[in-house]
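Here's the structure, in structure tokens; my notes come after.
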Amino acid sequence: MDVANVLKINKHPTLFKRFPEILSVTNTSKRQANWLVYGKQITTDNIEAINDAGLSAVDIVAAWKVGAYDAILIASELTLEQQQKVIEQQLDFAYVSDIPDLSMPGVVVLDMDSTAIEIECIDEIAKLAGVGEEVAAVTERAMSGELDFEQSLRQRVAALAGADEAILTQVRDQLPLMTELPQLIATLHHYGWQVAIASGGFSYFSDHLQQQFNLVSATSNTLEIIDGKLTGRVIGKVVDAKAKAEILLALAEEFDIEPHNTVAVGDGANDLLMMEVAGLGIAYHAKPVVEQQANVAIRQADLGAVICILSASLAEQRLAW
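Here is the structure:
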């Protein structure tokens, strides 16, 4: 385990000074709290702005740190106007009434492209192969749900026919990790959770991430390569939205994890089924169609936000916070 990257979850004197009202909150109020607001720093000015957007002030009942993040638990309703104000303040929010329990065994399944890593691998391969604009346009439409995923994938892969395998190595060796991916995985492992990747991308890259981060599985599509050249075809069944959902459920069964304690994180339309079957579906800097249907949307924060959200499950166990 990469202990250095674990995000510590603890109370902090600065938050008690900033929000002294939490010192006199009853345990009952904490148990009834359903909303979480979090970000790299939550100031009293932020709270005043959120209060001004609603009919009444938010009722802060607990506050803690998750690594460098501030997190506050709110017992009052967070209105739509206040939710919008949270976003305008460069903060995030989540409804946390029935989220998975971080203290119990669980599994997180991550999408890869634009979730675990910053790029869409097929677009980067296409750029190096000289068909970048053509492929990127199809990728954008597929991730927005405008095109059938399998059909669009095969169309994009076909455009890569004849490209040199060395291009894949070049992309893999410069693979940009999404900010706080190592911290997210290290913290989940610290709490005994399993972490996996289910991707409509390619095994050339997901296998690399599995080895790098000791993931329990990494399932994605395999590009056919003959004599060092891409043929423009994928081998075997395409990993589509249905396959991603099946992967999550299979992992939960394999590790005897309650379905409620499963989390799916993704950004594209082909992640929606996986999010639907998970105990918690998280849209990460996602397309609008995905944000609208996910349980929770991370709009501002980095991947450590997943731990911020799950940390709210510990509040009732640590009512002294």
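Each residue of the sequence shown is one higher than the one before, counting from 1 in full-length UniProt numbering.
Using N, Cα and C, we set each Cβ at its ideal position, and we do this for glycine too.
Cβ pair residue i, residue j closer than 8 Å
i	j	result
Thr262	Leu272	no
Ile22	Ala63	yes
Ile122	Arg154	no
Val238	Glu150	yes
Met112	Ile197	yes
Gln183	Asn10	no
Gly192	Pro105	yes
Glu165	Leu251	no
Leu15	Asp70	yes
Leu209	Ala305	no
Met178	Leu303	yes
Leu223	Tyr204	yes
Leu188	Val96	no
Gly200	Asp148	no
Thr79	Gly54	yes
Ala294	Met275	yes
Leu128	Ser311	no
Ala161	Gly232	yes
Ala315	Lys30	yes
Pro66	Ile257	In the sequence under discussion, the amino acid at residue 66 is Val, which differs from the Pro named in the question. Not a contact, by the Cβ cut-off of 8 Å.
Candidates the options, of which the one nearest residue i by Cα
i	options	result
Ile119	Arg172, Tyr38, Asn10	Arg172
Pro100	Gly228, Asn270, His260, Leu303	His260
Asp98	Val86, Ala159, Val135, Gln32	Gln32
Phe19	Thr115, Gln83, Gln82, Leu73	Leu73
Thr28	Ala269, Thr139, Arg141, Ala75	Ala75
Asp227	Thr139, Gln84, Val138, Ala163	Ala163
Asp2	Glu180, Ala53, Glu77, Lys30	Glu180
Val86	Ile42, Ile307, Gln212	Ile42
Asp267	Gln292, Pro13, Ala243, Gln211	Gln292
Asn34	Asn51, Thr44, Glu77	Glu77
Ile185	Thr139, Thr169, Val265	Val265
Gln194	Asp45, Val216, Glu88	Val216
Thr219	Ser206, Ser114, Glu140, Gln211	Ser206
Val290	Gly145, Gln170, Gly279, Ser56	Gly145
Asp45	Glu88, Glu81, Ser24, His12	Glu88
Ala245	Gly279, Gln212, Ile225	Gly279
Ile225	Lys242, Gln212, Thr169, Glu253	Thr169
Cβ-Cβ separation, residue j to residue i (assumed contact under 8 Å), whole Å
i	j	result
Asn221	Phe202	5 Å
Asp167	Ile125	Rather than Asp, the amino acid found at residue 167 in this sequence is Ile. Contact flag correct, Cβ pair sits at about 6 Å.
Val107	Phe255	6 Å
Val58	Ile47	7 Å
Ala159	Glu134	6 Å
Ile309	Ala68	Not quite, the Cβ-Cβ distance comes to about 16 Å (not below 8 Å), so this is no contact.
Gly39	Gln90	7 Å
Ser152	Val131	Actually they do not touch by this definition, with Cβ atoms about 14 Å apart.
C-beta neighbour in chain C for residue i, strict 8 Å
i	result
Thr179	The displayed structure is made up of one protein chain only, and chain C is not part of it.
Does the contact criterion of 3 or more C-beta pairs under 8 Å hold for the segment 298-307 versus the segment 267-287?
Under the Cβ criterion (8 Å, minimum of three pairs), the segment 298-307 counts as touching the segment 267-287.
As an exercise, report each continuous beta strand (DSSP E) stretch of at least 3 residues that is fully enclosed by the segment 194-244, in chain order.
Taken in chain order, the complete beta strand (DSSP E) segments of 3 or more residues contained in the segment 194-244 are 194-202, 217-226, 229-235.
Report the residue ranges of all beta strand (DSSP E) runs contained in full by the segment 86-126; include only those spanning at least 3 residues, in chain order.
If we require 3 residues or more, the beta strand (DSSP E) runs fully inside the segment 86-126 come out as 92-95, 107-110.
Curious, which full-length beta strand (DSSP E) runs of at least 3 residues does the UniProt domain "Phosphoserine phosphatase N-terminal" (32-94) contain?
Within the UniProt domain "Phosphoserine phosphatase N-terminal" (32-94), the beta strand (DSSP E) runs of at least 3 residues that lie entirely inside it are, in chain order, 35-39, 60-66, 69-74.
To test your reading of the DSSP string, which unbroken beta strand (DSSP E) runs of 3 or more residues are found completely within the segment 122-193?
Note on the segment 122-193: there is no whole beta strand (DSSP E) run with a minimum of 3 residues.
Whole beta strand (DSSP E) runs in the segment 279-308 with 3 or more residues, listed along the chain?
Here the runs fully enclosed are 280-284, 296-298.
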